[in-house]
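Residue numbers (the numbering used here), protein chains in the order written: chain A, 11 to 534; chain B, 3 to 267; chain C, 26 to 352; chain D, 2 to 318.
Note that the Cβ used here is the ideal one computed from N, Cα and C, for glycine as well.
Take a look at the structure below.
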Amino acid sequence: MNEERSVATISRRTLVKGAAAGSAACLVPWSKMAWAAQDCSTLRAGIAGYSVVNVLDPAKASLIPEFYVIWALFNCLLKFNEKMELVGDLAESWEHTSPTLWRFKLRDGVTFHDGAPMTAEDVKFTLDRVRAKDGDSPHKDKFASISDIRVVDPLTVEIEMAEPFAPLLSYLANARTGSQIVPKHLLDGGDERSFADRPVGTGAYKFVSHQPNVEIVLEGHSGYFVPDQPFIPNVTMPLIPEEASGVTALLGGAIDLTSTAPFADVPNLMQNPKVKVLRSPGLNTRFIALNHQTAPFDDVHFRRALSMAFDREAMVQIVLFGEGTAANGLIPAALSWAHEPKRRPLMSFDPERAKAELEKSKYGPGTEAVVLTWGAGWWKRFAELFAAQVNETLGTRLRVEVSEANTVYSRLRAKDYQASIWGWLGLIDPDEYTYEILHTDGWRNFHGYSNKDVDALLERARGEMDQARRGEIYKQAESLMAEDAPVICCFESHVHNLMTPEVNGFVQLPYSAFGGQLAAVTSC
Amino acid sequence: MTGLAITGILLFAILVVAHLMPYSPTEMSFTAVLKPPSWEHIFGTDSFGRDVFTRVLYGARISLLISVCGVALAMSIGTAIGMTAAYFGRLYDLVAMRFMDLLFSFPSFVLALFLMVILGFGVVNVMFAIALVYMPLFARLAHNMTLVVREEPYVQAARATGQPSIRLLLREILPNIAAPLMVQASIGVAFGIIIEAGLSFLGLGVQPPTPSLGVIMADGQEYFRRAPWVLTMSGLAVCFALLGLNLLGDGLRDLVDPRLRQRAE
Amino acid sequence: MSNLLEVRGLQTTFQLRGGAIKVVEGVDFDVRSGEVLGLIGESGSGKTVTCMSILRLLPEHASVKADHLVFEGREIATLDESEFRGLRGRRMAMIFQDPVGSFNPVKTIGWHFRHVSRRVSDSRPELFRDRGAWKREAAALLRRVGIPHGKDILGSYPHQLSGGMLQRALVALVLQMRPALIVADEPTTNLDNIVEHQIVELFRGLKDEFQSSFIFITHDMSIAAKLCDRIAVMYAGQIVEVGRAEDVLNDPKHPYSQGLVRTATELAARVERLQEIPGELPNWRSMTGGCRFKPRCPHGRAGCESPQPMRRLTQGREVRCLQHEAS
Amino acid sequence: MKTLRYFIGRLLIAVTMMVIGALAVFLVMKAAPGDPALAALGEQATPDAIAAFRAEHGLDAPLIEQFVSWLRDMIGGDFGRSLTIAGGESISKLIAGRLPNTIFVGLYAVLFATAISLVIGSVAALRRGKLSDTLATSVAAVGVSMPDFWLGYVLILLFALTLGWLPSYGFTSPFESLSGALVTGLLPALAISAPMAAVFARTLRTSLLENAQRDYVTVARSFGFSERFVFRHYVFRNSIIPYIVIIGLQIRYLLGGVVVVERVFGVPGVGSLMVDAAFARDYPVVQACTIVFLAIVLSVNLTVDVTCAALDPKRTQ
């Protein structure tokens with residue numbers, strides 16, 4: 011950075027600009043009234059519980075708050091409706107011409123925020139970019155089985171699969187998938203970094219500014235293809251580090267809508283006339299990740315013992331204040347067609363059997379191990395409770411080590427851990443919950459778990475186009491997995507959105523597709 | 003002397019009463035989650051159904067321990083630096099004291115925070131953070147007083163008899179500057195507790211399940227709308243402890259400094 | 026010669042944690058207009074307290090009683106605080122021992138003069154005849170007290186001046202207000218001999234020049250001799266002897282006065298071994314009703330235990346001693 | 002003239018302190034464990050990605066080289082770029098956006114502390130020994146003993162959640178709406194200022210009492226000056242210097258309070274930035290914030306020194 015520029019960065023003008031932007035995040039009652047007077051020209055949709063949004067480039071994004079924004083800026087070929095059924099978004103229609111060939115007809119007259127029309131070229135470019143073998147997109151594995159993408163005409167695109175691949179459609183939907191359609195004319199040979207800073211999509215809202223750790227400002231995309239959406243011309247997305255603070259902000263009139271709610275407060279908030287609470291069983295999974303390459307978790311009996319040594323129901327009550335359901339596997343109940351409703355014995359609290367398993371194990375009571383966790387809030391208490399309960403039942407000596415989320419994540423990937431709380435939110439296909447986490451070369455498999463039969467089943471599921479039958483396979487696979495207890499499934503948490511009574515039209519999806527739902531909001 | 007009384011009560015509570023409590027500070031009871039204050043739980047219970055009062059007692063013990071160790075460390079190092087600097091003077095004095103001034107120029111909590119980032123979280127590091135924050139205070143105090151005492155005839159005399167400096171510092175000077183240092187220490191302990199609480203409150207300090215005052219408050223803060231008593235009660239306990247220590251410090255100061263004492267009349 | 030100040034039965038008590046102690050008791054004396062009354066006695070004999078009692082400058086825990094206090098012909102013992110404040114500075118002022126501590130350290134000498142002048146603007150309107158009138162007056166007074174370029178020091182701060190300078194400045198400050206009565210409380214003790222000499226000379230000059238009366242507190246007979254018209258000797262909170270300066274100094278009647286004078290002459294004569302008064306001031310709590318000098322008195326006799334009144338010897342000569350009962 | 006020389010002297014000291022402080026921070030930071038590259042790159046960090054990252058941030062240049070360039074940039078007002086919490090964002094920009102808020106809240110707090118302490122301190126001193134004195138003194142004692150962040154929550158509970166008078170969270174920048182800033186800053190400022198006010202009040206009380214016993218006060222009375230005049234121009238005027246010195250000394254605790262309280266009330270200031278950065282192991286940001294805080298303290302001390310010099314003629318000697 012040269013002198014002039016560095017001087018410029020601290021010139022008063024920037025100060026003012028920065029501060030003004032910074033402040034928009036938080037408002038006093040009357041500045042709210044001021045806005046209300048303008049008949050709600052700005053929807054203040056707080057992203058609670060996160061303070062960091064790095065990249066807004068779909069292919070590169072990984073953190074959930076990043077997607078909260080991306081979902082508002084971009085569209086995919088498909089999307090989920092409120093019943094979680096796949097419907098067309100940028101794609102008008104699609105057909106399955108052969109087990110391995112998909113053809114999508116694109117919607118006509120869709121334009122990017124910069125006015126350029128969206129065509130099949132952009133779709134091809136986007137998907138090629140995401141799946142590029144040498145690329146660094148965290149989502150590339152989802153599209154690994156694509157063999158070729160062909161532009162038939164400006165509004166038709168064909169996707170050729172190496173082998174039949176059932177999850178493809180879900181992965182082309184506007185979720186945490188990275189398949190959001192990006193403009194070729196900007197990115198082909200363009201500067202990816204600047205795109206990540208000033209993303210351009212086809213979404214209902216276009217990017218205005220981003221003040222790191224403070225807020226993201228969006229404004230309506232006049233050329234949006236859904237008639238008279240978006241209803242509300244401007245959106246600001248304040249970043250509020252603590253969920254609890256999010257509530258305070260809402261009650262204090264500083265924001266209209268939150269992305270999440272602190273579990274502790276939900277019951278009270280439901281009673282509170284000043285707040286509307288949306289709640290639904292979440293598409294997510296929370297578990298204790300175990301490193302099979304280190305003692306004591308290299309012993310299947312020990313792992314099973316753990317799995318039965320604590321009370322999942324109690325955990326839901328204590329850690330989530332009841333805002334969730336005890337897990338019966340990795341696939342959440344919200345994916346009913348793939349979820350086993352009958353409680354698996356290995357996933358229920360059974361001290362006797364747990365002790366019995368410990369007998370079989372080569373590690374006795376008094377075994378020591380460290381459970382990683384992070385941050386404040388319920389993550390910490392999650393680990394605390396787990397360790398405490400297990401120690402009480404088995405007489406083991408599990409110890410909690412609090413670190414910081416990023417660090418935990420890199421330690422997980424480096425397999426530099428014994429056990430750690432972990433979880434995935436916003437995954438929309440059973441394949442993500444199972445194949446990616448359990449398959450020998452699933453990219454979310456940080457546990458070193460490998461079971462031929464499970465792998466086989468998961469591969470078969472990918473090829474099975476009939477949803478019912480596919481679901482059965484997953485149930486089978488999970489029952490098999492349960493025997494090895496590769497991870498200790500704990501619970502799924504509900505997803506919540508809080509809003510002021512004035513907010514109407516916001517539809518909540520189980521994967522908390524926050525930004526994606528803003529376009530339909532009619533009033534605030 | 004109120005300070006002494008309160009501090010006495012405090013010590014009695016954390017050393018004796020803690021053991022008389024029917025509850026464990028760490029053992030969870032899912033039947034008694036988030037119970038508001040009542041006769042069997044005067045501070046109520048937390049999200050794990052643990053008796054907050056019991057936790058506060060044990061927490062106070064740990065916080066106090068951390069703070070005392072930190073301050074003790076600060077006092078020994080700081081005093082050593084201050085005394086030697088004043089005694090030997092010259093460049094060493096200049097460099098050492100300037101460095102202390104530098105440390106003194108950092109906002110206390112910022113310095114602690116910075117150190118936690120470097121060293122990582124945890125009990126011992128909180129102790130070091132406190133020590134680092136208070137070292138310059140003691141260094142300055144010791145420095146100034148040594149400068150005075152050094153000129154006293156008996157010190158000069160001892161010097162003349164060619165006593166080794168170390169011995170001189172320990173035998174002649176230290177005893178004469180000890181009292182004010184102790185005063186500073188008792189107040190330092192109070193501030194130490196605040197620092198510990200602050201760091202742990204942010205989640206950068208002591209880590210659960212170790213129940214330090216800061217940890218308890220951090221936990222209470224998470225659901226303080228649902229169960230305000232956890233945060234408020236533990237906070238009140240902190241105030242009580244600090245009040246005791248501060249008053250104690252003032253009392254000691256009056257005792258030590260006759261000018262101030264006579265003014266107190 | 027009329028009396029400017031008449032003090033009768035002055036009694037000052039300090040309320041201390043240990044109980045009340047009478048520091049000044051049964052003090053009677055007059056100050057005639059235009060004269061210098063020397064108040065003499067070793068330190069702690071209550072000289073300063075006596076004067077501060079009259080000016081009501083003692084802290085709250087001191088209580089002052091007097092049968093009557095007549096100043097300029099009016100009873101001032103009964104005046105309420107605000108009325109009395111009207112007198113302070115304007116009519117009666119005090120010059121304290123420590124010149125350095127007497128000035129407000131954060132204000133210039135000029136500041137002091139300005140506000141003192143304001144204080145007396147009604148009695149001395151000429152000071153504000155025009156801007157800077159008070160300045161000129163101040164400069165003149167400073168010159169008078171021996172600070173030639175007075176104007177310059179108006180701008181300087183106390184800590185920039187020497188003790189002697191400040192003492193002179195303080196005197197000038199008081200004179201600026203033209204009070205009728207000036208109490209000078211050992212104004213020379215903190216100064217070295219030369220300066221002391223100069224100050225004493227200064228007072229001699231002033232005494233003739235300004236028509237004010239002085240109470241000059243000192244423990245130094247030689248100064249008293251140079252300066253005073255009359256002398257009152259104080260011992261242990263009582264006046265033990267009053268008289269014209271030369272009488273008291275040449276022929277002291279009270280054993281204590283005698284002792285004082287002897288030491289002084291010996292001092293002047295540079296005698297080898299000083300013959301000091303044996304013993305020391307009695308402590309306030311163990312004070313008996315009788316003669317307070319008895320424990321140290323060479324002529325102690327039966328009867329000294331009973332309270333001793335002032336005994337009139339000749340016109341204007343009184344002494345508090347049993348020896349002079351007869352006459 | 003003297004004052005000017007004095008000021009320049011102070012300034013030089015402050016600047017040297019600043020530079021040395023910066024060096025200390027830099028070196029310590031370098032000694033810190035943990036790989037910023039790993040912390041920075043999210044999911045799927047490939048070895049070559051890490052290498053590239055390290056190269057981009059010059060993390061593998063020799064220490065001294067890194068230091069020199071870092072210092073040069075910093076003097077130019079460029080603190081480098083954030084690693085994790087605002088990937089790639091220029092830290093100077095981050096801080097520039099937040100510094101005004103921090104300063105505003107800080108000043109606001111000092112203002113409160115001063116106002117409160119002036120009243121309590123004077124009352125205590127004037128009614129010394131009386132009930133109001135004991136009351137004031139014990140209020141002060143309690144004040145010092147309250148952790149500011151806890152007080153913050155109590156205030157929220159009271160004024161925002163129970164009474165609903167004041168916003169419980171968030172802060173309006175003074176640049177946007179001064180009144181807004183004053184309202185949103187009220188609770189944070191109160192929380193921070195309580196302990197300060199207590200300390201200030203005590204100092205004021207003691208030095209008032211001390212000065213009330215000085216000779217020049219008696220002398221002033223002997224001039225017949227009114228009690229009010231004596232209090233104003235003698236007692237108070239002479240007590241104000243130690244009072245200001247204490248304010249200067251306390252600023253480091255005050256800023257400490259700001260850090261936590263900003264977090265509690267969601268004030269987008271340098272303090273909350275530093276806490277976020279601390280969690281995310283964003284070393285450059287933590288480093289920058291620390292230095293900014295150091296700079297604030299030093300400049301405050303400088304101001305205090307100069308003010309005292311102006312108020313106390315002895316100083317410049």
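Whole angstroms are fine: how far does the CA of Q122 (chain C) sit from the CA of T214 (chain C)? Mapped onto the third sequence, residue 214 (chain C) falls at position 189. Mapped onto the third sequence, residue 122 (chain C) falls at position 97. T214 (chain C) and Q122 (chain C): Cα-Cα distance of roughly 7 Å.
With a cut-off of 8 Å, does the C-beta of T212 (chain A) fall near any C-beta of chain D? Counting from 1 along the first sequence, the entry for residue 212 (chain A) is found at position 202. So, not an interface residue.
Cβ neighbour criterion (16 or more within 10 Å) applied to P520 (chain A): Taking the first sequence and counting its residues from 1, one reaches residue 520 (chain A) at position 510. With 16 or more other Cβ atoms within 10 Å, it is buried.
Determine, using beta carbons only, whether P342 (chain A) and E502 (chain A) come nearer to each other than 8 Å. Counting from one through the first sequence, the residue named residue 342 (chain A) turns up at place 332. Counting from one through the first sequence, the residue named residue 502 (chain A) turns up at place 492. Yes. Within cutoff.
DSSP three-state label for F501 (chain A), please. Stepping through the first sequence from its first residue, residue 501 (chain A) is reached at position 491. Note: F501 (chain A) maps to strand in three-state DSSP.
Classify V52 (chain C) as buried or exposed, calling it buried when 16 or more other Cβ atoms lie within 10 Å of its own Cβ. Translated into positions along the third sequence, residue 52 (chain C) becomes position 27. Under this definition V52 (chain C) is a buried residue.
Determine the closest residue to V151 (chain B) out of B:A162, B:N178, B:G237, B:A220, with distance taken between C-alpha atoms. As a first step, residue 151 (chain B) is located in the second sequence; it is residue number 149 there, counting from the start. V151 (chain B) has its Cα closest to that of B:N178, out of B:A162, B:N178, B:G237, B:A220.
Residues of chain D with CB closer than 9 Å to the CB of V273 (chain C), please, in chain order. Counting from 1 along the third sequence, the entry for residue 273 (chain C) is found at position 248. Per Cβ cutoff of 9 Å: no residues; V273 (chain C) is ~28 Å from chain D at best.
Helix, strand or coil for H234 (chain D), going by three-state DSSP, please let me know. Within the fourth sequence, residue 234 (chain D) is the residue found at index 233, counting from 1. Reduced to three states, the DSSP call for H234 (chain D) is helix.
Quick check: T187 (chain A) and N85 (chain A), are their CB atoms within less than 8 Å of each other? Along the first sequence, one-based indexing puts residue 187 (chain A) at 177. Along the first sequence, one-based indexing puts residue 85 (chain A) at 75. For T187 (chain A) and N85 (chain A), no; Cβs fall outside 8 Å.
Using a Cβ-Cβ cut-off of less than 8 Å, list which residues of the segment 264-280 of chain A approach chain B; keep chain order. Per Cβ criterion, the list reads P272, A274, D275, P277, N278.
Closer than 8 Å, Cβ to any Cβ of chain D: which residues of the segment 213-224 of chain B, in chain order? Those residues of the segment 213-224 of chain B that come within reach of chain D (Cβ to Cβ, closer than 8 Å) are M219, Q223.
Tell me the residue span of the beta strand (DSSP E) that contains M259 (chain C). Taking the first residue of the third sequence as position 1, residue 259 (chain C) is located at position 234. Unbroken beta strand (DSSP E) run through M259 (chain C): 255-260.
Between S31 (chain B) and the rest of its own chain, which residues show a CB-CB distance below 6 Å, the 5 nearest in sequence each way excluded? Indexing the second sequence from 1 puts residue 31 (chain B) at position 29. Exclusion of the five residues before and after S31 (chain B) leaves G51 as the residues of its chain whose Cβ lies within less than 6 Å of its Cβ.
Would you verify that the beta carbon of S352 (chain C) is, or is not, closer than 8 Å to some beta carbon of chain D? On the third sequence, position 327 is the one that residue 352 (chain C) refers to. Note on S352 (chain C): pLDDT 48, under 50, position unreliable in the model; the coordinate value appears next. With 8 Å as the cut-off, S352 (chain C) does not count as an interface residue toward chain D.
Around the Cβ of L156 (chain D), are there at least 16 other Cβ atoms within 10 angstroms (buried) or fewer (exposed)? Here the question's residue 156 (chain D) lines up with position 155 in the fourth sequence. The residue is buried, with at least 16 neighbouring Cβ atoms inside 10 Å.
Given that F280 (chain D) touches chain A, what residues does it touch there, using C-beta distances under 9 Å? Within the fourth sequence, the letter at position 279 stands for residue 280 (chain D). The contacting residues are S61, P251, W384, G385, E414, A415, N416.
Segment limits, beta strand (DSSP E) that includes D272 (chain C): Residue 272 (chain C) sits at position 247 when you count from the first residue of the third sequence. Run containing D272 (chain C): none in the beta strand (DSSP E); it sits in the alpha helix (DSSP H), 270-275.
Can you check whether the C-beta of V35 (chain B) is within less than 8 Å of a C-beta belonging to chain A? Taking the first residue of the second sequence as position 1, residue 35 (chain B) is located at position 33. Output row for V35 (chain B): interface = yes.
Per DSSP, what kind of secondary structure is M235 (chain B) in: helix, strand or coil? Against the second sequence, residue 235 (chain B) aligns to sequence position 233. Reduced to three states, the DSSP call for M235 (chain B) is helix.
E31 (chain C) to S58 (chain C) span [Cα, whole Å]: Along the third sequence, read from residue 1 onward, the residue named residue 31 (chain C) stands at position 6. Along the third sequence, read from residue 1 onward, the residue named residue 58 (chain C) stands at position 33. Inter-residue distance for E31 (chain C) and S58 (chain C) is about 11 Å (C-alpha atoms, whole angstroms).
Please decide whether W166 (chain D) counts as near chain B, where near means a Cβ-Cβ distance under 8 Å. Within the fourth sequence, the letter at position 165 stands for residue 166 (chain D). Residue-level contact by beta carbon fails for W166 (chain D) and chain B, as no gap is shorter than 8 Å.
Is S142 (chain C) closer than 8 Å to Q201 (chain C) when the C-beta atoms are compared? If you number the third sequence from 1, residue 201 (chain C) lands on position 176. If you number the third sequence from 1, residue 142 (chain C) lands on position 117. Taking 8 Å as the Cβ cut-off, Q201 (chain C) and S142 (chain C) qualify as a contacting pair.
Does the beta-carbon distance from G80 (chain B) to M137 (chain B) come in below 8 Å? Mapped onto the second sequence, residue 80 (chain B) falls at position 78. Mapped onto the second sequence, residue 137 (chain B) falls at position 135. It is a contact, given that the beta carbons lie within the stated cut-off.
Contiguous alpha helix (DSSP H) assignments of at least 4 residues, all confined to the segment 361-432 of chain A: List check, alpha helix (DSSP H) in window: 361-370, 387-404, 415-423.
Can you check whether the C-beta of V380 (chain A) is within less than 8 Å of a C-beta belonging to chain B? Residue 380 (chain A) sits at position 370 when you count from the first residue of the first sequence. It does not; no Cβ of chain B falls within 8 Å.
At 4 residues or longer, and completely inside the segment 135-193 of chain C: list those alpha helix (DSSP H) runs for me, N to C. Listed in chain order, the complete alpha helix (DSSP H) runs (minimum 4 residues) inside the segment 135-193 of chain C are 158-169, 175-179.
Taking 8 Å as the threshold (C-beta atoms), are S522 (chain A) and G436 (chain A) in contact? Stepping through the first sequence from its first residue, residue 436 (chain A) is reached at position 426. Stepping through the first sequence from its first residue, residue 522 (chain A) is reached at position 512. Contact: yes.
Is the segment 229-238 of chain A touching the segment 53-71 of chain A in the sense that three or more CB pairs, one from each, lie closer than 8 Å? Pairwise C-beta distances place the segment 53-71 of chain A out of contact with the segment 229-238 of chain A, as fewer than three of them are shorter than 8 Å.
Could one say the Cβ of A259 (chain A) lies closer than 8 Å to chain D's Cβ atoms, at least one of them? As a first step, residue 259 (chain A) is located in the first sequence; it is residue number 249 there, counting from the start. When Cβ-Cβ separations below 8 Å define contact, A259 (chain A) makes contact with chain D.
Which residues in chain B sit within 8 Å of A487 (chain A), going by Cβ to Cβ distance? In the first sequence, the residue the question calls residue 487 (chain A) occupies position 477. Those within 8 Å of A487 (chain A) in chain B number zero; the least Cβ separation is about 33 Å.
For V236 (chain D) versus L209 (chain D), is the C-beta spacing smaller than 8 Å? Here residue 236 (chain D) corresponds to residue number 235 of the fourth sequence, with the count starting at 1. Here residue 209 (chain D) corresponds to residue number 208 of the fourth sequence, with the count starting at 1. L209 (chain D) sits close to V236 (chain D), with the two beta carbons spaced by under 8 Å.
Compare the Cα-Cα distances from F359 (chain A) to each of A:E92, A:F235, A:D321, A:A55 and report the closest residue. Against the first sequence, residue 359 (chain A) aligns to sequence position 349. Of the residues A:E92, A:F235, A:D321, A:A55, the one whose Cα lies closest to the Cα of F359 (chain A) is A:D321.
Between Q303 (chain A) and chain B, is the shortest Cβ-Cβ distance under 8 Å, so that the two count as touching? Translated into positions along the first sequence, residue 303 (chain A) becomes position 293. Cβ-Cβ to chain B under 8 Å: no for Q303 (chain A).
Checking 8 Å against the spacing of the C-beta atoms, do G22 (chain D) and I250 (chain A) come in under that value? Position 21 of the fourth sequence, counted from the first residue, corresponds to residue 22 (chain D). Position 240 of the first sequence, counted from the first residue, corresponds to residue 250 (chain A). Not in contact: G22 (chain D) and I250 (chain A) (Cβ atoms no closer than 8 Å).
Chain A contact for F50 (chain B) (CB, 8 Å cutoff): To locate residue 50 (chain B), count along the second sequence from 1; it is residue 48. Yes, F50 (chain B) lies at the interface with chain A (some Cβ there is under 8 Å from its Cβ).
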